[in-house]
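In this note's numbering, the protein residues as written are 1 to 321.
All residues carry an ideal CB built from backbone N, CA and C; glycine is no exception.
All values derive from a computational prediction rather than experimental measurement.
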Ligand code: NAD
Ligand code: UDP
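Below you can see the structure in the form of structure tokens.
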């Protein structure tokens with residue numbers, strides 16, 4: 001199959017490209033490197049079935065080759081990434097998704113939209129099922145991301161309903177692993193970097209907010225099962241193992257080993273509006289993914305953190321060399 005991956009030089013996109021190549025597919029990665037980096041796919045450059053195109057999908061999204069699938073992963077994803085690039089985030093979710101959908105329609109390709117648990121906002125229903133419509137502040141700081149993804153889902157469904165396009169919507173929950181950007185401000189790179197540098201682990205608020213962390217190889221497996229399935233309805237992909245951020249800090253410290261002497265500190269988040277917008281609880285209900293994809297996460301937090309810590313250690317050693 002020929003597969004286009006927008007956002008292919010990002011954290012998740014690079015793992016998706018790698019996995020598609022390993023399965024024998026031909027992969028075109030398209031990226032403008034706003035939050036990703038060519039080094040994420042440097043090891044794939046020169047592969048006879050891989051091509052990287054520098055392109056902002058807001059402006060154009062075209063390739064000459066026939067395509068069997070378009071996976072639309074392009075978008076800033078971390079709160080820091082989308083708060084620093086609010087207009088770009090709204091445009092990639094709207095115009096960028098439109099361009100990617102048009103490309104899929106003209107090529108007769110199936111289309112997968114990377115959506116997010118953020119479509120549920122600060123959820124009033126817990127855990128979150130796909131049937132929940134969400135609790136999003138349309139003018140809050142996070143709205144640039146949440147609303148652009150909600151728009152992207154609506155546009156994807158419009159293409160399915162109007163043109164019969166084979167569309168898939170993955171609602172991705174917090175995912176972590178190697179190639180996350182060291183400085184994107186998310187809790188995983190922050191805590192891991194802090195733990196291996198013996199700096200304090202910075203817990204924002206009172207540490208009682210919860211998240212559920214999915215290792216990237218599990219997510220990629222779910223994304224590809226969804227892509228090749230017949231499921232048009234949105235599907236939650238995430239690890240239901242929910243924990244408080246304080247518990248997560250302790251888990252990272254333990255995974256970093258006895259040489260980690262970092263204290264865990266309650267750290268004032270400088271932006272009060274950002275605290276107010278922080279979803280307090282997040283846990284996917286993955287019944288649908290289990291039923292229609294036969295999918296569930298396999299990698300334990302300990303194992304996933306071990307891999308992630310090893311990667312960050314390697315990157316930090318090389319950046320200091
Ligand atoms: P990432 O920032 O590492 O990857 C996104 C990639 O998209 C980057 O390489 C970036 O340069 C590229 N991009 C952004 N705007 C673009 C544009 N206009 N044109 C071309 N390329 C563009 O983030 P990620 O964590 O790998 O996320 C990938 C996708 O998964 C995103 O759509 C994100 O919203 C979604 N998602 C991720 C998570 C997570 O926990 N990582 C959770 C929910 C949803
Ligand atoms: N967080 C934290 N310390 C950090 C970074 C994040 O306590 O150094 C908290 C943040 O306030 C939120 C959770 O960790 O409650 C997850 O934040 P992240 O930015 O990783 O992603 P989100 O799930 O909010 O999109």
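The three-state reading of DSSP puts residue 187 in helix, counting H, G and I together. The distance from the Cβ of residue 113 to that of residue 57 is about 12 Å, inconsistent with a contact at the 8 Å cut-off. Residue 226 places its beta carbon 8 Å or farther from that of residue 171.
The way I'd put it, the segment 70 to 86 does touch the segment 179 to 197; three or more beta-carbon pairs between them come closer than 8 Å. Here the residues close to the ligand UDP, judged by CB distance below 7 Å to any of its heavy atoms, are 78, 79, 118, 174, 185, 186, 187, 188, 190, 191, 202, 203, 204, 205, 207, 209, 211, 245, 267, 269, 278, 279 and 282 in chain order. Comparing alpha carbon positions, the residue from 240, 141 and 315 closest to residue 218 is 240. Within the DSSP bridge table, the entry for residue 28 names 4 and 51 as partners. By the Cβ test, the segment 52 to 72 is not in contact with the segment 116 to 124, since fewer than three Cβ pairs between them sit closer than 8 Å. Distance from the CA atom of residue 8 to the CA atom of residue 31, rounded to whole angstroms, is 6 Å. If only complete runs of 4 or more residues are kept, the segment 130 to 213 shows the alpha helix (DSSP H) at 143 to 163 and 187 to 196, in order along the chain. Between residue 36 and residue 10 a beta carbon distance of about 4 Å is seen, short of the 8 Å cut, so the two are scored as contacting. Exclusion of residue 111 from the 7 Å shell around the ligand NAD follows from its C-beta lying no nearer than that to any non-hydrogen atom of the ligand. For residue 69, the enclosing beta strand (DSSP E) has its first and last residue at 69 to 72. Sixteen is the threshold: since fewer than 16 other Cβ atoms of the shown chains lie within 10 Å of the Cβ of residue 43, the residue is exposed. At a cut-off of 7 Å, the beta-carbon of residue 99 does not count as near the ligand NAD: no heavy atom of the ligand is closer than that.
Within the same chain, and ignoring the five residues on either side of residue 203 in sequence, the residues whose Cβ sits closer than 8 Å to its Cβ are 245, 246, 249, 264, 265, 266 and 267. Not one heavy atom of the ligand NAD falls within 7 Å of the beta-carbon of residue 248. A distance criterion of 7 Å places the beta-carbon of residue 92 in contact range of the ligand NAD, judged by its closest non-hydrogen atom. Within the segment 236 to 272, the complete beta strand (DSSP E) runs of at least 3 residues fall at 242 to 244 and 264 to 267. Linking residue 229 to residue 220 through their CA atoms gives a straight-line distance of about 14 Å. The Cβ atoms of residue 63 and residue 74 lie no closer than 8 Å to each other. For residue 89, the uninterrupted alpha helix (DSSP H) segment begins and ends at 86 to 91.
Ranked by how close their Cα comes to the Cα of residue 179, the residues 173, 193, 166 and 167 have 193 in first place. Pairing residue 52 with residue 38 gives a Cβ-Cβ distance under 8 Å. For residue 111, the uninterrupted beta strand (DSSP E) run begins and ends at 110 to 116, by DSSP. Judged by DSSP secondary structure, residue 18 falls within the alpha helix (DSSP H) whose first and last residues are 11 to 22. Relative to the non-hydrogen atoms of the ligand NAD, the Cβ of residue 45 never comes closer than 7 Å to any of them. In the DSSP assignment, residue 218 falls within the unbroken alpha helix (DSSP H) covering 216 to 228. For residue 12, the shortest separation between its Cβ and any heavy atom of the ligand NAD lies below 7 Å.
A Cβ-Cβ distance of about 31 Å is found for the pair residue 159 and residue 211, leaving them out of contact under the 8 Å criterion.
No residue range can be given for residue 40, since it is assigned to no alpha helix (DSSP H) and is classified by DSSP as neither H nor E. Here the alpha carbons of residue 165 and residue 215 stand approximately 30 Å from one another.
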